[in-house]
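*Asks:*
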Ligand SMILES: [Zn+2]
Ligand SMILES: [Zn+2]
Ligand SMILES: [Zn+2]
Ligand SMILES: [Zn+2]
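Chains as they are written, first to last, in this note's numbering: chain A, 1 to 480; chain B, 1 to 480.
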C-alpha cells in the first residue's frame with residue numbers, strides 16, 4: 001500500500017469520529033448480558049443490530065448462525081443460545097483472508113453496583129467513553145465496523161477479504177462456538193489466512209501491545225469424605241476424624257506463602273528462559289506499582305518488572321479457590337461437614353504436558369493424604385482444563401500489527417503475554433490451522449468486568465486506525 | 001411418700017395413655033417452627049395451646065411473657081418473639097419449688113426432606129410415635145402436663161410447688177430468655193429450689209441416663225485479607241500473596257488428623273481424670289458401634305468406650321467448620337478471594353479458663369501466620385462463647401431422679417455428660433443460684449433435628465412416670 005492510502009484512511013477515521021461514537025453509543029445501549037437469561041432477547045437484538053450494520057456496510061453472505069438450546073444449568077430449558085454473526089467483505093481469491101473475531105455480549109452491570117453513570121448509556125467524560133462493553137468487547141467489534149466504513153467512505157478498497165465471527169456468549173463460556181468453528185472450518189471459514197482477535201488490553205496505560213501468549217489452566221478438586229451426614233461438633237468433635245481437618249492439611253502442602261508450588265516435578269517441565277526471551281522483557285512498560293494499583297494492595301510477591309511478568313506469563317502458579325461443602329456463611333455454625341471439596345488450579349505454560357501434570361498432582365495429593373493416616377477417604381480429580389497458547393511474535397501477522405501500531409502510535413508495541421486464558425484463541429489456531437494475533441484496543445485500567453468500564457477516546461479512535469492499518473500491512477506482507 | 005402413692009400414680013399414667021397420646025398429637029399438629037418467620041403465628045398458637053391446657057389443669061398466675069421484637073437478621077423487622085409460658089401449680093411455702101423448663105418450638109420439617117409420614121401428624125408405628133417435636137421437645141413438655149393431670153385425676157397432691165418455664169425460641173438461640181430469667185429471678189422465679197430440664201436424650205437406646213455435664217464452646221474466626229477485591233487467578237496467580245494459601249496453612253497447624261489439638265497450653269488446663277471419675281465410665285452402656293451407627297461411618301478416632309466418652313465429654317476438641325469469602329459452590333471458578341475467614345471452635349471442659357484460652361489461641365494463630373512471612377494481614381478473634389457446665393451428680397436433685405428412674409425402669413441410670421452445650425442450663429444455675437438436673441425422656445436414636453423424629457411409646461409413658469416420681473423423691477429428700 002502507499003503511505004497516502006493510510007493517511008487518507010486515518011483522516012477519514014478522524015472525520016467520522018462523531019458517527020463512530022454514535023455507533024458505539026447505540027451498541028452500548030443494548031444490554032446484551034449473556035449470563036442473564038431474562039436479557040437473552042437483548043443479546044439477540046444486538047446480533048440483529050450487527051446484521052443490519054454489516055448489511056449497510058456492504059457485507060455479503062450474512063448469517064446469524066443458531067447454536068441450539070443452552071445446556072443446563074438454565075432456568076428456561078428451551079433457552080436459545082444467541083447466534084454467531086458471520087459475514088464476508090470480499091471474496092477475491094488473489095487477496096489474503098482475515099477472520100476477525102469479537103463478542104457482542106457483555107458482563108452484567110447495575111447502577112447500584114457503584115457505577116457513576118448508567119452502565120448502558122455511553123457517557124463521554126474527560127476524553128473517556130464510559131459504559132458496559134465500551135472496551136470489552138463492543139468497542140473493538142464496533143471498531144471493525146468503523147474501519148470498514150472509513151474505507152468505503154474514503155473510497156479505499158479493502159486490502160484483504162474479511163470474514164466476521166462475532167459471538168454472543170463469550171462472557172458465559174463461548175457455548176457452542178468450538179462446534180461452530182469445527183463445522184465451518186471447511187465451509188464458511190475455508191481459506192482463512194489469519195485470525196485477529198481484539199479482546200484484550202494493553203499491559204499498562206501508556207504503551208500499545210501485541211499479545212503472543214496465554215497461560216493454560218488445569219482445575220482440580222480434592223474431595224474428602226467422612227461421616228454419612230453433617231454432624232454436630234458438640235457430639236462428635238474429638239471422637240471422629242473430621243474431613244475438614246484433613247482437607248486443610250492437604251491443601252497446605254500444595255503451595256507456600258511465596259507462591260512456590262510444592263509439588264515436585266512441575267517446575268521441571270517448564271521451558272527454560274532463553275536469553276532471547278529474557279531480552280523481550282527489558283523494554284516493556286510495566287512496574288510493580290502497576291501490579292499494586294491493579295490488586296489494590298501491597299501484596300506483590302516480586303518487586304522487579306521481569307520477575308512479576310515472568311511469573312504472570314511464563315511460569316506456572318497454583319491458586320486455592322475455596323471449599324465446597326463446608327460452612328461458608330457469616331456467623332458461627334458448629335457443624336462438622338461430612339464431605340468437603342477443596343478447589344485449586346494450576347496455570348500452565350510451555351512445556352508442561354497436561355496429562356503428565358494431572359498425574360503428578362493427583363499422585364501428590366493422594367500421597368499427602370495418606371501421610372495423615374486418616375480413616376476418611378479422599379479423591380483428587382481434574383475437573384476442567386484449557387491449554388496454554390504461545391505464538392511466534394515475529395510472524396507475518398504480528399509483524400503487520402507491529403507496523404500498524406508504529407504507524408498510528410509512533411512506537412513499537414510491547415510484545416506481551418497474559419496470565420489468563422482465552423480458550424477460543426487455541427480453537428481457532430488448531431481447527432483452522434492458522435496463526436492467531438491478539439491485537440488489543442483498550443488499556444489495562446479500562447475496568448472490563450468491573451464498574452465504570454471505559455475506553456479512552458484516543459484508544460477507540462487509535463484502535464480503529466490500527467485495526468485498519470493492520471489489514472493493509474498484512475495484505476502487503478510476503479508470506480502468511 | 002408412700003410406695004402406694006407412686007403405684008397409684010403409675011397406674012393412672014397407664015390408664016390415661018390414650019389421652020396422653022392425643023395431647024401429644026394435638027401439640028405436634030401445630031407446626032411451631034421458630035426459625036421460619038412465616039410460621040411465627042403457629043409458634044404463638046402453640047403458646048396459647050399450652051396456656052389453655054395449663055389453665056384446665058389448675059395452673060395459676062399463667063402469663064405469656066412477651067420478649068419484644070426479634071433482633072436482626074429478620075425479614076420482618078417488627079417480628080415479635082414468641083412468649084415464654086410461665087405458670088404455677090401450688091404456692092405452699094412448706095413445699096420445695098421445682099422449675100420445669102422445656103421448649104415448645106421445633107426444628108423445621110418437610111415431607112420432601114425424606115420423612116416417611118407427615119412430620120406434623122403424630123403417627124404410631126411399631127410402638128414408636130413419629131412426628132416433629134415428638135422427642136424434642138414437645139414430648140417432654142406435654143409429658144409434664146400429663147404428669148400433672150395424672151396427679152389430679154388420681155387425687156394425689158403435687159408434692160412440690162411447680163413453676164413452668166416453656167419457651168418458644170430454643171431452636172433459634174433462646175433469644176430473650178436470659179434476660180427473662182434475670183428479670184424474674186427475684187420475682188416469678190423467687191424461691192425456686194431446683195431446675196429440671198428435660199431436653200436431651202439417653203446416650204444409647206437401652207439404658208436411662210441422668211446428665212450432669214456439658215462441654216462449653218469457644219468459637220473463633222481468623223480473617224486473612226490481601227487484595228482490595230477478588231482477583232482473577234490468570235492475571236494475579238503467582239504474583240501476589242493469596243489469602244487462601246495463608247489461611248489453609250494456618251488452619252493446618254491447629255489440630256492433627258488424630259484430633260489432637262496442636263496449640264500448646266490448652267491440654268495443660270484440663271482437669272486430671274480422678275480414679276473416682278474413671279470408675280463412672282465402667283458401667284455405662286455404650287460401645288464404638290454406637291458411635292459408628294450415629295456418625296454413619298467407620299471414622300472413629302478411638303475404639304474403646306472410655307476413650308470415646310472421655311473425648312466427647314471431658315476433653316476439649318477443635319473442629320474447623322469452614323471458610324467464608326472463598327469460592328464455595330459446585331463447579332470451577334478461577335477466583336483469588338481477597339478476604340477469607342476461617343471458622344473453628346474449641347469445645348471446652350473443666351478447668352479451661354475461657355479468657356486464657358482465647359489469648360492462647362489468638363497468640364498461636366498470630367504466631368503461625370507470622371511464620372509464613374506473608375504480606376497479607378491476619379486477625380483472629382473470638383466470635384461467640386458458652387461455658388461448660390458440670391454438676392454434682394450426687395446432689396439431692398440427681399439422687400431423687402436416680403431413685404425415680406430405678407422405680408420406673410428397674411435400673412440405676414447411667415450418669416452421663418454431653419459433648420455439646422445447652423447454654424440455658426448454666427443461665428438457670430448461675431442466675432437462680434440453684435442446681436440444675438438434666439432428666440431426659442427420649443433415646444439416643446430419636447432423630448431430634450433429623451427426619452423421622454420419634455419417641456418410643458415406652459419412653460413417652462415411662463418418661464411421664466419418671467418426671468412425676470422425681471417430684472416425689474425430690475420432695476422427700478432431706479436437703480436441696
Ligand atoms: Zn471480552
Ligand atoms: Zn470479558
Ligand atoms: Zn430441644
Ligand atoms: Zn432441638
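Where a beta carbon is used, it is the ideal one built from N, C-alpha and C, also for glycine.
(1) Of the choices 122(B), 154(B), 370(B), whose alpha-carbon is the least far from that of residue 5(B)?
(2) Starting from residue 449(A), trace the alpha helix (DSSP H) in both directions and tell me its first and last residue.
(3) With DSSP collapsed to three states, give me the class of residue 202(B).
(4) With a Cβ-Cβ cutoff of 8 Å, do residue 128(B) and residue 454(B) count as a contact?
(5) Check whether the Cβ of residue 182(A) sits closer than 7 Å to any heavy atom of ligand 4, and report yes or no.
(6) Listing by chain order, which chain B residues have their CB less than 9 Å from the CB of residue 236(A)?
(7) Using only the heavy atoms of ligand 3, determine whether one of them is closer than 7 Å to the beta carbon of residue 37(B).
(8) Would you mind listing the beta strand (DSSP E) stretches within the stretch 311-355 of chain B that are 3+ residues and don't spill past its ends, in chain order?
(9) So which residues on chain A does residue 330(B) lean against when the C-beta distance must stay under 7 Å?
(10) Would you kindly work out how many angstroms separate the C-alpha atoms of residue 315(B) and residue 228(A), rounded to a whole number?
(11) By Cβ distance, which residues of its chain are closer than 8 Å to residue 234(B), with the 5 residues on each side in sequence left out?
(12) Of the residues 397(A), 238(A), 449(A), 463(A), which one's Cα is nearest the Cα of residue 346(B)?
(13) Tell me whether residue 170(B), by its Cβ, gets closer than 7 Å to a heavy atom of ligand 3.
(14) CB-CB under 7 Å to residue 360(B), same chain, minus the five flanking residues each way: which ones, in chain order?
(15) Per DSSP, which residues does residue 418(B) bridge with? Please list them.
(16) Give a yes or no on whether the C-beta atoms belonging to residue 381(A) and residue 220(A) are separated by under 8 Å.
(17) Which same chain residues, not among the five before or five after residue 327(B), have their C-beta less than 8 Å away from its C-beta?
(18) Check whether chain B comes within 8 Å of residue 228(A), counting only Cβ atoms and requiring the distance to be less than that.
(19) Taking beta-carbon pairs under 7 Å, can you tell me which members of the stretch 53-83 of chain B lie near chain A?
(20) Quick check on residue 462(A): does DSSP put it in helix, strand or coil?
(21) Which same chain residues end up closer than 7 Å to residue 388(A) when comparing Cβ atoms and leaving out the 5 residues on each side of it in sequence?
(22) Can you give me the C-alpha to C-alpha distance between residue 254(A) and residue 250(B), rounded to a whole angstrom?
(23) Report yes or no: do the stretch 112-120 of chain A and the stretch 129-147 of chain A share at least 3 C-beta pairs separated by less than 8 Å?
(24) Below 7 Å between beta carbons is the criterion; list the residues of the stretch 447-465 of chain A that meet it against any residue of chain B, in chain order.
(25) Only counting the same chain, and skipping five residues up and downstream in sequence, which positions put a Cβ closer than 7 Å to that of residue 147(A)?
(26) Note down, in chain order, every chain A residue with its Cβ under 7 Å from the Cβ of residue 336(B).
(27) Nearest CA to the CA of residue 245(B): which residue from 283(A), 318(A), 184(A)?
(28) Look at residue 45(B) and residue 211(B) and say whether their C-beta atoms are less than 8 Å apart.
(29) For residue 66(B), which residues in the same chain have their Cβ closer than 8 Å to its Cβ, ignoring the five residues on either side in sequence?
(30) Name, please, each residue of chain A whose Cβ falls closer than 8 Å to the Cβ of residue 246(B).
(31) Would you say the beta carbon of residue 232(A) comes nearer than 7 Å to a heavy atom of ligand 4?
(32) May I ask you to report which of helix, strand or coil DSSP gives residue 18(A)?
(33) Beta-carbon distances below 5 Å to any heavy atom of ligand 3 define the shell here; list its residues in chain order, please.
(34) What are the uninterrupted segments assigned as beta strand (DSSP E) that are 3 or more residues long and contained completely in the stretch 33-77 of chain B, given in chain order?
(35) Does residue 483(A) get closer than 8 Å to chain B when you measure Cβ to Cβ?
(36) Could you tell me the distance, in whole angstroms, from the CA atom of residue 477(A) to the CA atom of residue 304(A)?
*Replies:* According to the structure shown:
(1) Along the second chain, read from residue 1 onward, the residue named residue 5(B) stands at position 5. Comparing Cα positions, the closest option is 154(B).
(2) Here the question's residue 449(A) lines up with position 449 in the first chain. From DSSP, residue 449(A) is part of no alpha helix (DSSP H); its letter is neither H nor E.
(3) Taking the second chain and counting its residues from 1, one reaches residue 202(B) at position 202. Residue 202(B) falls in the coil class under three-state DSSP.
(4) In the second chain, the residue the question calls residue 128(B) occupies position 128. In the second chain, the residue the question calls residue 454(B) occupies position 454. For the 8 Å CB-CB criterion, residue 128(B) and residue 454(B) form a contact.
(5) The residue given as residue 182(A) occupies position 182 in the first chain. No - ligand 4 has no heavy atom lying nearer than 7 Å to the Cβ of residue 182(A).
(6) As a first step, residue 236(A) is located in the first chain; it is residue number 236 there, counting from the start. Neighbours of residue 236(A) on chain B, chain order: 291, 294, 295, 312, 317, 319, 419.
(7) Residue numbering aside, residue 37(B) sits at position 37 when the second chain is read from its first letter. Every heavy atom of ligand 3 is 7 Å or more from the Cβ of residue 37(B), so no.
(8) Annotation note: the stretch 311-355 of chain B contains the following uninterrupted beta strand (DSSP E) runs of length 3 or greater, listed N- to C-terminal: 317-324, 339-348.
(9) For this step, residue 330(B) is matched to residue 330 along the second chain. Simply 324.
(10) Counting from one through the second chain, the residue named residue 315(B) turns up at place 315. Counting from one through the first chain, the residue named residue 228(A) turns up at place 228. Rounded to whole angstroms, residue 315(B) to residue 228(A) spans 24 Å at the Cα level.
(11) Residue mapping note: residue 234(B) aligns to position 234 of the second chain, counting from 1. Its chain contains 334 as the residues whose beta carbon lies nearer than 8 Å to that of residue 234(B), once the 5 sequence neighbours on both sides are disregarded; these appear in chain order.
(12) Translated into the one-based positions of the second chain, residue 346(B) becomes position 346. For residue 346(B), the nearest C-alpha among the options comes from 238(A).
(13) Taking the first residue of the second chain as 1, we reach residue 170(B) at position 170. Checking every heavy atom of ligand 3 against the Cβ of residue 170(B), one is found closer than 7 Å.
(14) The sequence position of residue 360(B) within the second chain is 360, counting from 1. Taken in chain order, the residues that qualify are 263, 265, 266.
(15) The count along the second chain starts at 1 and reaches residue 418(B) at position 418. Under the DSSP definition of a beta bridge, residue 418(B) partners with 214(B).
(16) Working through the first chain from its first residue, we reach residue 381(A) at position 381. Working through the first chain from its first residue, we reach residue 220(A) at position 220. The answer is yes: Cβ separation under 8 Å.
(17) For the purposes of this step, residue 327(B) is taken as residue 327 along the second chain, with counting starting at 1. Sequence-distant Cβ neighbours of residue 327(B) in its own chain, meaning closer than 8 Å and more than five residues away, are 333, 335, 337.
(18) For the purposes of this step, residue 228(A) is identified with residue 228 of the first chain, where counting begins at 1. Chain B contact via Cβ: present.
(19) From the stretch 53-83 of chain B, no residue has a Cβ closer than 7 Å to chain A.
(20) Position 462 of the first chain, counting from 1, holds the residue named residue 462(A). The answer is helix: DSSP assigns residue 462(A) an H, G or I state.
(21) Sequence index remark: in the first chain, residue 388(A) carries index 388 (1-based). For residue 388(A), where only same-chain residues beyond five positions count, the Cβ hits under 7 Å are 214, 215, 216, 348, 349, 350.
(22) Taking the first chain and counting its residues from 1, one reaches residue 254(A) at position 254. Taking the second chain and counting its residues from 1, one reaches residue 250(B) at position 250. Taking C-alpha positions only, residue 254(A) is separated from residue 250(B) by approximately 13 Å.
(23) Taking a cut-off of 8 Å on C-beta distances, the stretch 112-120 of chain A touches the stretch 129-147 of chain A, as three or more cross pairs fall below it.
(24) Residues are counted here when their Cβ sits less than 7 Å from a Cβ of chain B; for the stretch 447-465 of chain A the count is zero.
(25) Along the first chain, read from residue 1 onward, the residue named residue 147(A) stands at position 147. Only 464, 467, 468 meet the Cβ criterion.
(26) As a working note, residue 336(B) is residue 336 in the second chain. What residue 336(B) touches in chain A: 319.
(27) Reading the second chain from its first residue, position 245 is the one you call residue 245(B). Among 283(A), 318(A), 184(A), the Cα nearest to that of residue 245(B) belongs to 318(A).
(28) Position 45 of the second chain holds residue 45(B). Position 211 of the second chain holds residue 211(B). Against a cut-off of 8 Å, the Cβ pair of residue 211(B) and residue 45(B) comes out as no contact.
(29) On the second chain, residue 66(B) is found 66 positions in, with the first residue counted as 1. If the five residues before and after residue 66(B) are omitted, its C-beta is found closer than 8 Å to the C-beta atoms of 80, 81, 83, all from its own chain and listed in chain order.
(30) As a first step, residue 246(B) is located in the second chain; it is residue number 246 there, counting from the start. In chain order: 257.
(31) In the first chain, the residue the question calls residue 232(A) occupies position 232. No, the beta carbon of residue 232(A) sits no closer than 7 Å to any heavy atom of ligand 4.
(32) Position 18 of the first chain, counting from 1, holds the residue named residue 18(A). Per DSSP, reduced to three states, the secondary structure at residue 18(A) is helical.
(33) Qualifying residues, in the order they occur: 136(B), 137(B), 199(B).
(34) The qualifying runs are 60-65.
(35) As shown, chain A starts at 1 and ends at 480. That puts residue 483(A) outside it, with no answer to give.
(36) Against the first chain, residue 477(A) aligns to sequence position 477. Against the first chain, residue 304(A) aligns to sequence position 304. Going from the Cα of residue 477(A) to the Cα of residue 304(A) covers about 37 Å.
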